[in-house]
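Protein chains in written order, with our numbering: chain U, 1 to 227; chain Z, 1 to 114.
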């Protein structure tokens with residue numbers, strides 16, 4: 001029976017029975033898509049399984065990757081340069097060669113502690129790490145995030161395509177929060193407790209939609225979006 | 001007088017039987033988020049050559065049965081799934097990532113001889 005179980009898990013793209021250490025909550029959008037797909041199967045509309053209506057892209061496999069920045073950049077190895085910076089890392093090795101990337105969206109959720117710690121509305125900077133150095137290389141986003149909002153979506157499709165084609169280039173991202181109007185975070189020195197509160201209050205995840213051409217052959221030549 | 005005999009024989013003929021897959025029974029409930037269970041069928045029963053045309057049989061099944069009559073090492077056609085459909089599953093992997101995927105061939109809709 002263990003061999004049969006292993007075979008079925010392999011067919012599902014898993015090496016062993018998963019035992020997730022931390023069960024992250026399921027976003028409502030994923031539950032909604034799941035329910036829509038159940039309806040599609042029940043009514044025999046299998047083509048709908050190859051298109052994610054909610055995101056407007058072809059795709060039959062949706063993954064929500066957890067941030068593993070704390071594992072990839074442990075404190076004892078890398079000195080985080082600034083209190084309000086946080087390393088993000090997503091292990092994308094499970095994406096196979098048969099899958100075509102259709103959507104990659106970084107979701108950032110800032111808890112109230114992030115705002116309370118800095119006592120300000122915030123500006124968010126997301127930067128790409130391109131070499132193993134403490135300073136990030138390429139800024140991807142600079143956006144004002146008012147206190148009332150707290151959620152930010154960043155399109156990372158091109159970045160994830162590059163990571164997927166060249167896994168060694170995936171060194172992660174740096175997220176930086178700055179009080180609004182402050183250009184250099186190193187000017188202000190925050191107490192360590194404030195820094196820890198801030199880092200713990202931020203939740204980052206990466207939603208990736210891929211299309212397996214073997215399973216959805218009719219979608220292999222989908223029309224490109226008009227610019 | 002022959003009716004009861006035919007009824008009892010037909011009980012053993014190839015057909016689908018309802019089955020509920022419960023992930024808790026399999027010990028998979030800790031990582032499969034949804035569905036918790038789903039309904040499918042299994043195929044069971046005989047495929048007598050004289051009645052195979054009633055059982056959604058493939059041409060190959062007829063040929064295999066003919067071959068069996070001449071070469072007994074080749075098995076007779078058996079009762080197998082002939083129509084399958086997918087289900088969507090939402091689950092955690094070992095890294096705690098959430099995955100939503102549809103898996104082909106998880107539900108048996110029809111059975112036949114093949």
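Built from N, CA and C at the ideal position, the CB exists for glycine as well.
Bear in mind that the values here come from a model prediction, so they are computed numbers and not experimental data.
Verify the CB distance criterion: does residue 73(U) have a CB-CB separation below 8 Å to chain Z? no
Classify residue 114(Z): buried if its beta carbon has 16 or more other beta carbons within 10 angstroms, exposed otherwise. buried
Using the rule of at least 16 other Cβ atoms within 10 Å of the residue's Cβ for burial, across every protein chain shown, is residue 185(U) buried or exposed? Residue placement at residue 185(U) cannot be trusted, given a pLDDT of 47 that sits under 50; the coordinates are not used to answer.
In the DSSP assignment, find the unbroken alpha helix (DSSP H) run with residue 195(U) in it and report its ends. 192 to 201
Per DSSP, what are the beta-bridge partners of residue 65(U) in this structure? Beta-bridge analysis with DSSP links residue 65(U) to 206(U).
DSSP bridge partner residues for residue 85(Z) (one or two, in chain order): 107(Z)
With burial defined as no fewer than 16 other Cβ atoms inside 10 Å of the residue's Cβ, what is the status of residue 96(U): buried or exposed? exposed
Taking the alpha carbon of residue 42(U) as the point to measure from, which residue in 86(Z), 45(Z), 77(Z), 29(Z) has its own alpha carbon closest? 86(Z)
Sheet register partners of residue 46(Z) (DSSP bridge): 13(Z)
Burial state of residue 130(U), where buried means 16 or more other Cβ atoms lie within 10 Å: When all chains shown are included, residue 130(U) counts as exposed.
Rounded to whole angstroms, how far is the Cβ of residue 154(U) from the Cβ of residue 171(U), which I believe are closer than 8 Å? Not a contact, Cβ separation roughly 17 Å.
Can you have a look at residue 47(U) and say buried or exposed, based on whether 16 or more other CB atoms are within 10 angstroms of its CB? exposed
With a cut-off of 8 Å, does the C-beta of residue 30(Z) fall near any C-beta of chain U? yes
Which term fits residue 11(Z), buried or exposed, when burial requires 16 or more other beta carbons within 10 angstroms of its beta carbon? exposed
From 22(Z), 48(Z), 71(Z), residue whose alpha carbon lies closest to that of residue 79(Z): 48(Z)
Please name the residue in 42(Z), 68(Z), 34(Z) whose C-alpha comes closest to that of residue 18(Z). 42(Z)
Taking buried to mean at least 16 other C-beta atoms within 10 Å of its own C-beta, is residue 19(U) buried or exposed? In summary, residue 19(U) is exposed, with fewer than 16 beta-carbon neighbours lying within 10 Å of its beta-carbon over all protein chains present.
C-beta contact flag for residue 23(U) and residue 60(Z) at 8 Å: Not a contact, by the Cβ cut-off of 8 Å.
CB contact flag (residue 7(U), residue 107(U), <8 Å): No, they are not a contact pair.
Cα-Cα separation between residue 71(Z) and residue 217(U), rounded to whole angstroms: 41 Å
Residue 57(Z) versus residue 89(Z) - alpha carbon distance: 31 Å
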